[in-house]
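4 protein chains.
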Amino acid sequence: MGKSTQDHPLNVTVWGENLHEFHDAEHMAALYPQGMHATIAEGIGSLLGDQVNVRTATLDQPEHGLTDEVLDSTGVLTWWGHMGHDRVDDAVVRKVHDRVLAGMGLLVLHSAHFSKIFKSLMGTTCSLEWRDSNDTELVWTVKPDHPIADGVPHPIRIEGQEMYGELFDIPEPDELVFISSFTGGEVFRSGCTWRRGKGKVFYFSPGDQGYPVYHHPDVQRVIANGVMWAAPSPRATFERPDVVSQPAPRFTAEDFARVAPGMQAGQEGHR
Amino acid sequence: MGKSTQDHPLNVTVWGENLHEFHDAEHMAALYPQGMHATIAEGIGSLLGDQVNVRTATLDQPEHGLTDEVLDSTGVLTWWGHMGHDRVDDAVVRKVHDRVLAGMGLLVLHSAHFSKIFKSLMGTTCSLEWRDSNDTELVWTVKPDHPIADGVPHPIRIEGQEMYGELFDIPEPDELVFISSFTGGEVFRSGCTWRRGKGKVFYFSPGDQGYPVYHHPDVQRVIANGVMWAAPSPRATFERPDVVSQPAPRFTAEDFARVAPGMQAGQEGHR
Amino acid sequence: MGKSTQDHPLNVTVWGENLHEFHDAEHMAALYPQGMHATIAEGIGSLLGDQVNVRTATLDQPEHGLTDEVLDSTGVLTWWGHMGHDRVDDAVVRKVHDRVLAGMGLLVLHSAHFSKIFKSLMGTTCSLEWRDSNDTELVWTVKPDHPIADGVPHPIRIEGQEMYGELFDIPEPDELVFISSFTGGEVFRSGCTWRRGKGKVFYFSPGDQGYPVYHHPDVQRVIANGVMWAAPSPRATFERPDVVSQPAPRFTAEDFARVAPGMQAGQEGHR
Amino acid sequence: MGKSTQDHPLNVTVWGENLHEFHDAEHMAALYPQGMHATIAEGIGSLLGDQVNVRTATLDQPEHGLTDEVLDSTGVLTWWGHMGHDRVDDAVVRKVHDRVLAGMGLLVLHSAHFSKIFKSLMGTTCSLEWRDSNDTELVWTVKPDHPIADGVPHPIRIEGQEMYGELFDIPEPDELVFISSFTGGEVFRSGCTWRRGKGKVFYFSPGDQGYPVYHHPDVQRVIANGVMWAAPSPRATFERPDVVSQPAPRFTAEDFARVAPGMQAGQEGHR
Chain D
1 MGKSTQDHPL
11 NVTVWGENLH
21 EFHDAEHMAA
31 LYPQGMHATI
41 AEGIGSLLGD
51 QVNVRTATLD
61 QPEHGLTDEV
71 LDSTGVLTWW
81 GHMGHDRVDD
91 AVVRKVHDRV
101 LAGMGLLVLH
111 SAHFSKIFKS
121 LMGTTCSLEW
131 RDSNDTELVW
141 TVKPDHPIAD
151 GVPHPIRIEG
161 QEMYGELFDI
171 PEPDELVFIS
181 SFTGGEVFRS
191 GCTWRRGKGK
201 VFYFSPGDQG
211 YPVYHHPDVQ
221 RVIANGVMWA
231 APSPRATFER
241 PDVVSQPAPR
251 FTAEDFARVA
261 PGMQAGQEGH
271 R
Chain L
1 MGKSTQDHPL
11 NVTVWGENLH
21 EFHDAEHMAA
31 LYPQGMHATI
41 AEGIGSLLGD
51 QVNVRTATLD
61 QPEHGLTDEV
71 LDSTGVLTWW
81 GHMGHDRVDD
91 AVVRKVHDRV
101 LAGMGLLVLH
111 SAHFSKIFKS
121 LMGTTCSLEW
131 RDSNDTELVW
141 TVKPDHPIAD
151 GVPHPIRIEG
161 QEMYGELFDI
171 PEPDELVFIS
181 SFTGGEVFRS
191 GCTWRRGKGK
201 VFYFSPGDQG
211 YPVYHHPDVQ
221 RVIANGVMWA
231 APSPRATFER
241 PDVVSQPAPR
251 FTAEDFARVA
261 PGMQAGQEGH
271 R
Chain S
1 MGKSTQDHPL
11 NVTVWGENLH
21 EFHDAEHMAA
31 LYPQGMHATI
41 AEGIGSLLGD
51 QVNVRTATLD
61 QPEHGLTDEV
71 LDSTGVLTWW
81 GHMGHDRVDD
91 AVVRKVHDRV
101 LAGMGLLVLH
111 SAHFSKIFKS
121 LMGTTCSLEW
131 RDSNDTELVW
141 TVKPDHPIAD
151 GVPHPIRIEG
161 QEMYGELFDI
171 PEPDELVFIS
181 SFTGGEVFRS
191 GCTWRRGKGK
201 VFYFSPGDQG
211 YPVYHHPDVQ
221 RVIANGVMWA
231 APSPRATFER
241 PDVVSQPAPR
251 FTAEDFARVA
261 PGMQAGQEGH
271 R
Chain R
1 MGKSTQDHPL
11 NVTVWGENLH
21 EFHDAEHMAA
31 LYPQGMHATI
41 AEGIGSLLGD
51 QVNVRTATLD
61 QPEHGLTDEV
71 LDSTGVLTWW
81 GHMGHDRVDD
91 AVVRKVHDRV
101 LAGMGLLVLH
111 SAHFSKIFKS
121 LMGTTCSLEW
131 RDSNDTELVW
141 TVKPDHPIAD
151 GVPHPIRIEG
161 QEMYGELFDI
171 PEPDELVFIS
181 SFTGGEVFRS
191 GCTWRRGKGK
201 VFYFSPGDQG
211 YPVYHHPDVQ
221 RVIANGVMWA
231 APSPRATFER
241 PDVVSQPAPR
251 FTAEDFARVA
261 PGMQAGQEGH
271 R
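Residue numbers (full-length UniProt numbering), protein chains in the order written: chain D, 1 to 271; chain L, 1 to 271; chain S, 1 to 271; chain R, 1 to 271.
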């Protein structure tokens with residue numbers, strides 16, 4: 001669909017809380033030296049090359065790094081949060097929500113299932129089961145040849161992951177792309193897409209601050225695929241859907257006159 | 001599904017703004033002498049008899065009539081609003097939203113597409129086209145034998161209606177039951193269902209304070225069908241989906257031991 | 001939805017191949033002395049009591065037991081087949097397919113994913129992964145409070161089952177009710193619903209001739225729930241959707257005249 | 001998604017019955033001098049340029065022009081038929097069906113709703129209402145910014161069309177892109193997509209041998225968009241989904257051992 005070319009790269013903003021990086025500094029420094037958001041951004045950049053311009057934004061920045069200028073020039077936003085959902089300013093959430101409805105793509109990662117932005121787009125609790133037990137996760141593709149699943153094995157195998165299990169209280173996805181399993185027997189709808197307004201939303205669960213999941217090549221592949229999948233239409237105008245008041249009728253007197261003269265209202269057709 | 005019986009009628013609460021009844025008193029007195037909510041409630045009661053207990057609630061009441069006691073004993077809530085969406089208290093909206101996720105059914109009627117409760121459940125703008133021109137609306141069933149469409153003609157014909165047209169900015173319905181047309185050529189997805197958590201939501205567009213639509217027998221029939229369709233499960237516990245932390249694994253050592261001894265991990269099966 | 005009452009019980013026909021009962025007579029005699037179809041029928045009858053009349057039909061009977069008389073008086077048909085899919089007469093398949101489109105409900109069980117009737121309703125290969133290794137299956141509910149999941153634990157636990165795994169090549173279900181897991185890490189969309197014409201189709205995977213799964217109380221519960229869920233509308237006419245040729249227009253000259261005189265086609269409304 | 005580039009154009013085969021061109025020769029010669037299929041092919045070629053190689057195939061050719069060589073080198077097939085559905089050889093239909101499940105895209109146009117290939121992919125009657133009365137059709141986009149709707153007005157206006165109306169007996173589309181209206185008040189789900197196996201199917205109703213619809217620039221635009229939307233994944237292997245027998249388990253003893261030692265099966269977690 002030619003969403004981006006060398007001449008018009010897709011602008012990607014990778015948002016991260018950047019809190020665990022300080023609260024669990026030692027552990028995180030080993031896994032994610034520049035922060036999880038930096039690792040995610042590098043993955044996207046290295047896989048997509050000059051199809052994208054990637055930048056990061058974090059909670060601690062003014063407006064959490066999501067100023068009008070940044071949002072208005074972002075084609076796809078990725079969101080990772082965990083311990084700081086409450087600290088995200090409601091006004092910024094509202095801006096991001098509006099920008100999604102206007103056409104910006106959104107990737108929601110792991111514990112961001114509980115982010116304000118995801119819950120406001122979904123309308124459900126987004127709750128789930130979880131267990132922190134260094135589990136193995138298998139990610140199975142249930143929609144073959146879906147662009148988000150391009151280039152990854154069936155299943156993807158991730159050694160070292162937090163278990164997420166059903167019931168995952170989300171609206172029925174428009175598309176279910178992945179289902180994951182864990183050694184305890186839990187299952188989880190780990191790759192789901194929805195449309196909201198003109199924007200495309202992709203939730204992808206693998207990824208936890210306690211494990212090196214965002215270095216995993218298949219996870220990086222899925223995120224890169226997801227970014228391209230969620231990219232706005234090349235001709236996107238970024239106008240949110242809005243009320244249209246009192247438009248004139250589109251059918252005209254000439255339209256009605258053209259109907260074959262033999263057919264009069266009330267005259268029953270034959271079955 | 002036995003949602004209600006003579007012994008356990010379904011409790012239905014019909015919520016109305018009751019503002020036009022005062023602002024356009026003369027016009028409304030002719031159409032809806034006791035208020036639109038009363039007409040809607042009567043329609044439900046007369047069609048469903050002792051399968052239901054019906055009461056009304058209005059904006060001007062304490063907590064808009066939606067106290068904990070009322071909500072906790074409501075199986076299905078219907079909502080009509082238009083000029084007073086802003087006046088609905090956010091705390092009440094949150095209670096209603098939570099109760100839907102816990103299993104209460106919700107019917108959203110006509111201009112309530114812009115109600116706070118509908119927009120928070122949907123996550124979209126819910127905007128549309130409209131024209132106030134005493135139009136004729138035809139309501140076509142696109143899901144044959146759906147319980148909501150039981151007992152109404154194909155199409156339902158409503159003389160005297162406000163035009164609602166696409167684009168209707170909603171998430172893709174779980175089920176599209178009706179599509180409407182108007183003389184100007186406009187179309188509208190006029191009967192849509194979604195699940196949110198354990199609750200069922202039905203949006204039905206025909207109905208405007210300026211026309212006697214809620215007296216129309218087919219419109220009353222659809223609303224009654226919708227109420228029964230949206231009723232909670234007979235065994236509903238009305239607990240919202242919630243986080244489950246650190247559950248024990250469900251697979252046991254015995255489970256793994258039972259797998260046929262000849263099959264070892266790594267041994268490739270034949271295609 | 002009051003689909004059946006003491007006065008009008010739902011007619012259920014349980015179809016079985018009845019081949020393994022002879023080919024694996026010794027093993028089957030222990031598990032299913034009267035045949036798998038008899039066990040399934042007994043489960044339905046004992047859970048639903050006088051809401052249903054249950055009968056069985058088998059491959060070896062004239063027209064496989066699915067004469068016009070039987071089909072025309074069947075509200076819900078259940079189908080289990082495995083080694084004899086090829087032996088089902090195409091003319092009978094066509095009759096069953098037409099009856100589903102006309103409103104008869106259909107439950108498709110386990111290896112019947114490869115039945116002619118299921119493949120013709122789905123349009124896909126319906127292929128999957130499988131392993132016969134006396135596995136443990138966990139069946140998780142992903143649509144809370146869905147009538148098909150009524151009264152069963154989360155998850156259902158079945159000790160002794162054949163593994164079915166993704167990719168399950170089916171159209172995206174209208175509703176995904178259950179996802180199963182197995183000790184090898186495999187997952188499977190084990191409870192799926194679709195509408196085809198006026199009929200409702202429910203595929204449920206647990207159940208294999210090699211294991212006593214159809215005696216499992218939770219499996220019996222799901223099958224009984226599925227039968228009631230799939231029951232035709234009380235007012236079903238059992239006419240298949242058909243072409244309507246040359247109907248008269250529904251909009252009349254009076255409709256067009258009623259549109260507010262101030263609004264002329266071509267006159268642009270304001271946004 | 002970069003489905004095609006100058007180096008690897010998408011191969012498109014435009015299939016037409018080529019019967020009306022002879023049966024209604026005079027009328028068709030005015031509208032479609034080289035046949036409808038030629039007009040459709042020219043539209044695709046002129047809008048997509050070197051992104052595509054376009055060829056045609058017709059009923060009268062050996063294997064209806066759909067030899068193994070042609071099908072194996074076709075990325076997207078378009079299908080228009082009307083009076084000759086019965087004449088299409090079942091063996092060819094089966095090959096086309098298999099190729100769709102393997103990843104070939106398929107556009108189904110107008111009266112091809114009754115083609116063998118569409119009915120076998122859908123599993124429903126695909127029946128509808130129709131009236132041949134030189135009507136005006138308005139095609140409304142209900143999924144904003146969908147690639148298939150790129151570059152066309154809201155609504156598309158077609159003067160001179162056959163009316164198609166609901167009930168259109170199809171499975172619920174994966175995506176509903178367009179809804180059409182006609183002066184008689186009829187509505188129709190005129191742009192629908194489904195996935196079948198690895199293939200993408202797009203049904204688009206405007207277009208009739210009696211009207212110059214396939215010369216309409218917006219109709220040509222939608223068809224071109226649909227072709228690009230339906231294109232197979234760049235890495236498509238064109239292997240149909242198939243059974244996988246007795247794969248080894250993917251979870252290993254090491255996986256189970258890694259689970260945190262404090263967590264034993266049966267030990268209940270806290271909520």
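For every residue, glycine included, the Cβ atom is placed at its ideal position computed from N, Cα and C.
Review point. Whose CA, out of Asp72/D, Val152/D, Val139/D, lies closest to the CA of Arg221/D?
Key: Its Cα nearest to that of Arg221/D, the residue Val152/D stands out among Asp72/D, Val152/D, Val139/D.
Review point. Are Phe202/S and Leu107/S close, meaning C-beta to C-beta below 8 Å?
Key: yes
Check your understanding: Sorted by chain position, which residues of the same chain lie with C-beta nearer than 6 Å to Ala236/L's C-beta, five sequence neighbours on each side aside?
Key -> Listed in chain order, the non-local C-beta contacts of Ala236/L below 6 Å within the same chain comprise Gly103, local neighbours out to five positions each way being set aside.
Exercise for review: Please report the Cβ distance between Gly123/R and Met122/S, rounded to the nearest whole angstrom; I am assuming they are in contact, meaning their Cβ atoms lie under 8 Å.
Suggested key: Contact between Gly123/R and Met122/S holds, with the beta-carbon distance rounding to 6 Å and staying under 8 Å.
Point to revise | Any C-beta of chain L under 8 Å from that of Val259/R | key: yes
Review point. Does any C-beta atom of chain C lie closer than 8 Å to the C-beta of Pro62/S?
Key: Structure shown: chain C not included; protein chains present are D, L, S and R.
Review point. From Ile156/D to Val139/D, what does the alpha carbon distance come to, in whole angstroms?
Key: 5 Å
Review point. So is Arg94/R buried or exposed if we call it buried at 16+ other beta carbons inside 10 Å?
Key: Classification of Arg94/R: exposed, given that the 10 Å Cβ count is below 16.
Practice item. Measure from the C-beta of Asn134/R to each C-beta in chain D and report whether the shortest distance is under 8 Å. Key: So yes, Asn134/R belongs to the interface.
Practice item. Determine the DSSP secondary structure at Glu129/D, reduced to helix, strand or coil. Key: strand
Review point. Between Val177/R, Thr67/R, Thr58/R, which lies nearest to His85/R when the distance is taken from Cα to Cα?
Key: Comparing Cα positions, the closest option is Thr58/R.
Practice item. Check the C-beta distance from Val88/R over to His64/R and give it rounded, since I have them as a contact under 8 Å. Key: 6 Å
Review point. Secondary structure at Gly151/L, three-state DSSP: helix, strand or coil?
Key: Three-state result, Gly151/L: coil.
Point to revise | DSSP beta-bridge partners of Ala57/R | key: Trp15/R
Check your understanding: Where does Gln34/R land, buried or exposed, given buried means 16+ other C-beta within 10 angstroms?
Key -> So Gln34/R ends up on the exposed side.
Check your understanding: To which residues of the same chain is Trp229/S closer than 6 Å at the C-beta, ignoring the five residues directly before and after it?
Key -> Pro147, Ile148
Practice item. Could you check which residue in Gly105/R, Asp68/R, Val14/R has the C-alpha nearest to that of Lys198/R? Key: Gly105/R
Exercise for review: Just mark Ser73/D as buried or exposed, buried being the case when its beta carbon has 16 or more other beta carbons within 10 Å.
Suggested key: Counting Cβ neighbours within 10 Å, Ser73/D comes out exposed, since fewer than 16 surround it.
Review point. Of all the residues that make up the region 96-126 of chain S, which are near chain R by a beta-carbon distance shorter than 7 Å?
Key: Against chain R - using a Cβ distance shorter than 7 Å - the residues of the region 96-126 of chain S are Leu101, Ser120, Leu121, Met122, Gly123, Thr124, Thr125.
Review point. Touching or not, the region 165-178 of chain L and the region 249-259 of chain S, by the rule of three or more beta carbon pairs under 8 Å?
Key: Taking 8 Å as the limit for Cβ pairs, the verdict is that the region 249-259 of chain S does not touch the region 165-178 of chain L.
**Study point:** Segment limits, beta strand (DSSP E) that includes Gln161/D
**Key:** From DSSP, the beta strand (DSSP E) with Gln161/D extends over 156-165.
Exercise for review: Determine whether the Cβ of Arg195/L lies closer than 8 Å to any Cβ atom of chain R.
Suggested key: Answer no: the Cβ-Cβ gap between Arg195/L and chain R never drops below 8 Å.
Exercise for review: Using a Cβ cut-off of 8 Å (strictly closer), state whether Phe256/S contacts chain L.
Suggested key: yes
Practice item. Flag Gly151/S as yes if its beta-carbon sits less than 8 Å from any beta-carbon of chain L, otherwise no. Key: For Gly151/S, the answer is yes, since a Cβ of chain L falls inside 8 Å of its Cβ.
Exercise for review: List in chain order: all unbroken beta strand (DSSP E) runs of 3+ residues lying wholly within the region 40-100 of chain S.
Suggested key: 52-58, 76-80
**Study point:** Residue closest to Phe114/S, alpha-carbon to alpha-carbon, out of Val177/S, Val76/S, Phe204/S, Asn134/S
**Key:** Phe204/S
Practice item. Can you grab the Cα-Cα spacing for the pair Gly30/D / Tyr211/D, in whole Å? Key: At residue 30/D the sequence reads Ala, which differs from the Gly that was named. Cα-Cα distance, rounded: 10 Å.
Practice item. Report the three-state DSSP secondary structure of Ser120/S (helix, strand or coil). Key: helix
Review point. What first and last residue would you give for the alpha helix (DSSP H) that runs through Arg221/S?
Key: 217-230
Check your understanding: Which first and last residues belong to the beta strand (DSSP E) in which Glu175/R is found?
Key -> Bounds of the beta strand (DSSP E) holding Glu175/R are 175-182.
Check your understanding: Is it the case that the Cβ atoms of Thr125/S and Pro241/R are separated by a distance below 8 Å?
Key -> yes
Point to revise | Collapsed DSSP secondary structure at Glu239/R in the structure displayed | key: coil
Exercise for review: Within its chain, find whatever has a CB closer than 7 Å to the CB of Gln267/S; leave out the 5 residues flanking it on each side and keep chain order.
Suggested key: Note that Gln267/S has pLDDT 42, beneath the 50 cutoff, so the model's placement of it is unreliable and no number is given.
**Study point:** Distance between beta carbons of Gly75/D and His224/D, contact taken as under 8 Å
**Key:** For the sequence presented, residue 224/D should be read as Ala rather than His. Their Cβ separation, rounded to whole angstroms, is 14 Å, which puts Ala224/D and Gly75/D out of contact at 8 Å.
Check your understanding: Rounded to whole angstroms, how far is the Cβ of Ser181/R from the Cβ of Gly185/L, which I believe are closer than 8 Å?
Key -> 5 Å
Review point. Taking the alpha-carbon positions, what's the Asp255/D to Thr193/R distance?
Key: 29 Å
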